[in-house]
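With our numbering applied, the sequence shown covers 123 to 298.
Even for Gly, the Cβ is constructed at its ideal location relative to N, Cα and C.
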Amino acid sequence: MASKGANASLAPADTPGILQPLQELPLPARVSWTPQTVGWVGVAILLVIVLMGLAWALWRRHVKRRYRRVALAQLARLEADLQDPVQRVAALAAIAPLVKRASLAATPRERVAALTGDAWLAFLKRTHASFDESTGALLALVSYAPNERIAAVSQGEAAALVGAVRDWIEHHHVEV
């Protein structure tokens with residue numbers, strides 16, 4: 123009962139009077155968004171350096187692979203020309219020089235420029251294993267055969283050659 127009597131003196135009507143001498147607490151200072159320690163500044167600087175290095179590496183890769191994009195665009199034009207009977211022989215004959223230009227852009231000139239025949243086909247196979255002997259023989263045929271023999275290449279063989287050359291351009295590894 124004693125506790126009931128103690129609480130009885132605090133009636134709800136007296137509550138504003140009791141709270142009036144209390145003062146509102148001051149709000150804390152705003153929290154700064156800047157790092158509190160030097161370590162975070164170091165981490166931010168390191169992150170910026172890493173991101174700049176990554177951007178530089180990606181840019182260099184993009185520039186180094188430009189020859190692939192150009193060669194693939196030229197191959198697409200040659201592939202379209204294969205459908206035209208008038209330009210078919212010229213398009214087939216232009217495939218081998220296209221592969222040679224792409225390999226010269228990727229590999230040091232002294233290693234590629236003088237390669238012909240079996241040495242050239244061995245280089246193509248060494249730089250991309252899926253370049254098989256039948257594709258190599260067809261590439262040699264369209265490189266050196268007379269136009270009458272090139273004209274005898276079937277549509278299927280021409281499509282297979284274009285597919286193999288496209289695959290080689292996209293995926294060959296560059297010898298250093």
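Rounded separation between Glu201 and Pro219 - CA only: As a working note, residue 201 is residue 79 in the sequence shown. As a working note, residue 219 is residue 97 in the sequence shown. CA-CA distance, Glu201 to Pro219, rounds to 14 angstroms.
Reference Val211; option with closest CA among Ala280, Val296 and Asp289: Here the question's residue 211 lines up with position 89 in the sequence shown. Minimum Cα distance to Val211 is reached at Ala280.
Neighbourhood of Leu204 by C-beta distance below 6 angstroms, restricted to the same chain and skipping five residues each side: Counted from its first residue, the sequence shown places residue 204 at position 82. Arg210, Ala213 and Ala280, listed in sequence order.
C-alpha distance - Met174 paired with Ile167, whole-angstrom precision: What you label residue 174 is simply residue 52 of the sequence shown in a count that begins at 1. What you label residue 167 is simply residue 45 of the sequence shown in a count that begins at 1. Straight-line measurement puts the Cα of Ile167 at about 11 angstroms from the Cα of Met174.
DSSP three-state assignment for Arg187, whether helix, strand or coil: As a working mapping, residue 187 is identified with position 65 in the sequence shown. Looking at Arg187 - three-state DSSP - the assignment turns out to be coil, as it is neither helix nor strand.
Best match in Leu176, Ala273 and His295 for proximity to Thr249 [C-alpha to C-alpha]: Locating residue 249 in the sequence shown gives position 127, where the first residue counts as 1. Minimum Cα distance to Thr249 is reached at His295.
Under the three-state DSSP convention, the category Pro219 falls into: Numbered from 1 along the sequence shown, position 97 holds the residue referred to as residue 219. Reduced to three states, the DSSP call for Pro219 is helix.
Reference Glu270, options Arg191, Lys247, Ala236 and Val208, closest by Cα: Position 148 of the sequence shown, counted from the start, is the residue given in the question as residue 270. Nearest C-alpha to Glu270: Val208.
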